[in-house]
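J.:
In the numbering used here, the protein residues as written are 14 to 396.
#1: Given a cut-off of 9 angstroms, decide if residue 175 and residue 157 are closer than it, judged by their beta-carbon atoms.
#2: Can you name, in chain order, every residue of its own chain whose Cβ lies under 8 angstroms from the Cβ of residue 381, other than the five neighbours on each side?
#3: Let's see if you can read the secondary structure: which residues bound the alpha helix (DSSP H) around residue 204?
#4: In terms of alpha-carbon separation, which member of 337, 141, 197, 222 lies closest to residue 208?
#5: Secondary structure at residue 271, three-state DSSP: helix, strand or coil?
#6: Nearest to residue 268 by CA position, among 370, 203, 154, is which residue?
#7: Buried or exposed, going by whether 16 or more other CB atoms sit within 10 Å of the CB of residue 197?
#8: With 16 other CB atoms within 10 Å as the buried threshold, where does residue 386 fall?
#9: Taking only the alpha-carbon atoms, compute the straight-line gap between residue 102 and residue 260 and give it to the nearest angstrom.
#10: Pull up the distance between the alpha-carbon of residue 172 and that of residue 324, whole angstroms please.
#11: With H, G and I counted as helix, E and B as strand and the rest as coil, what does DSSP make of residue 344?
#12: Please go through the stretch 294-321 and give each complete beta strand (DSSP E) segment of 3 or more residues, from N-terminal end onward.
#13: Spatial neighbours of residue 193 within its chain, please: CB distance less than 8 angstroms, with the 5 preceding and 5 following residues excluded, ordered by chain position.
#14: Cα separation between residue 297 and residue 133?
#15: Using a Cβ-based criterion (distance less than 8 angstroms to any ligand heavy atom), does residue 142 qualify as near the ligand COA?
#16: Taking DSSP's pairing of strands, which residues face residue 119 in a bridge?
#17: For residue 244, does the three-state DSSP call read helix, strand or coil?
#18: Do you know offhand how far residue 136's Cα is from residue 96's?
#19: So what does DSSP say about residue 279, is it helix, strand or coil?
#20: By alpha-carbon positions, which one of 301, 188, 352 ends up nearest to residue 128?
#21: Look at residue 293 and residue 239 and say whether their C-beta atoms are less than 9 angstroms apart.
#22: Along the chain, where does the alpha helix (DSSP H) that runs through residue 229 open and close?
#23: How many angstroms separate the CA atom of residue 274 from the CA atom of residue 220?
#24: Using the C-alpha atoms, what's the distance from residue 117 back to residue 395?
#25: I'd like to know whether the C-beta atoms of residue 304 and residue 265 end up nearer to each other than 9 angstroms.
#26: Between residue 230 and residue 155, is the Cβ-Cβ spacing less than 9 angstroms?
#27: For residue 378, does the count of other Cβ atoms within 10 angstroms reach 16, so buried, or fall short, so exposed?
#28: Based on DSSP bridge pairs, tell me the residues matched to residue 133.
#29: May I ask which residues mark the beginning and end of the alpha helix (DSSP H) holding residue 382?
#30: May I have the straight-line CA-CA distance separating residue 85 from residue 344, to the nearest angstrom?
#31: Pull up the CB-CB distance for residue 235 and residue 224, whole angstroms please, since I reckon it's below 8 angstroms.
#32: Nearest-angstrom Cα distance between residue 361 and residue 319?
#33: In this structure, how does DSSP classify residue 113 when only helix, strand and coil are distinguished?
#34: Note down, in chain order, each residue of its chain lying with its Cβ closer than 8 angstroms to the Cβ of residue 125, except the 5 sequence neighbours on either side.
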């Protein structure tokens, strides 16, 4: 049957409408798809940016971390690099503190060093003896400009040598011959007097005998043994609970043994002289924290007045004050006794402290501890 023209027109119109509906639906679907893709893209970028920012913030070290962790790690790395054996107390006040023990207290038994390990500190004790003596100066019991003959009438050149010359190593004395046997403070003084003088006072010459005389004067002026006086007037007020003198060192269960380090080879370095021979100049022992406590008590004016501290640290001949050297931007006291070596350093603004105690002294360099402390201070200054 043939379609009429009217029917054909209806079919065409119906086809066009269906086509328009199809196109509209297709466009709507396409728009939805494009919108969804755009949303996913934007959401992904936003999330990625947020994650990146969070990660960046988490990984970015704060200034506090740089100040508190990096120098400590760098110093620790340096001490391990040089094979340091002992204990250290290193502080940049208000920023960080490194308190750590390295290596062995006893290489035969394998006993490790600890923060509570005790060491003989050798000549580093001179600043402690000088502080004790300055207490007597401030009490008016003795004057720095007094001639030594006022207290020891038979001392050679006693009218010319002043008390301050002993504290600053400018007496001009010959050195006595040290023995290995037990002795007494009186016998040591007589031995020094017999040795006589080699020059007039004023020129710097380092000698333990100068501080043996100062320790003897502490006894004469205080009416107490120097051990007892220092314990009562230095160790106790400074809370130096492990500090002590002489033979009792070996009775301390935490005492360290003495060794030499010859380019990595560790050999015994036993003390062959009686401790009494070290009177006033090398017979003290303590922990690294005891040294720190002494510094804090001294610099705060707890042991002697601030004026007295200034006089004690004042640079004289040989860059030496009373028991400490002045190295420009810092003060240092150092001690060497067989395998023991010690250094006590603080900057002139009192913010940085470097204290090193070892029982395995580096024999390859006489200046090892000067080098170590200077390097550690450089690391601290950079951070």
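Note that CB positions come from ideal geometry on N, CA and C, so glycine has one too.
Because the structure is a prediction, the values reported are computed rather than measured.
T.: According to the structure shown:
#1: yes
#2: 354, 374, 375
#3: 198-208
#4: 222
#5: coil
#6: 370
#7: exposed
#8: buried
#9: 25 angstroms
#10: 23 angstroms
#11: strand
#12: 297-299
#13: 285, 286, 287, 290
#14: 6 angstroms
#15: Within the structure as shown, the ligand COA is missing, as the structure has no ligands at all.
#16: 124
#17: helix
#18: 23 angstroms
#19: strand
#20: 301
#21: yes
#22: 221-235
#23: 25 angstroms
#24: 31 angstroms
#25: no
#26: yes
#27: exposed
#28: 298
#29: 381-395
#30: 21 angstroms
#31: Not quite, the Cβ-Cβ distance comes to about 16 angstroms (not below 8 angstroms), so this is no contact.
#32: 14 angstroms
#33: strand
#34: 114, 116, 117, 118
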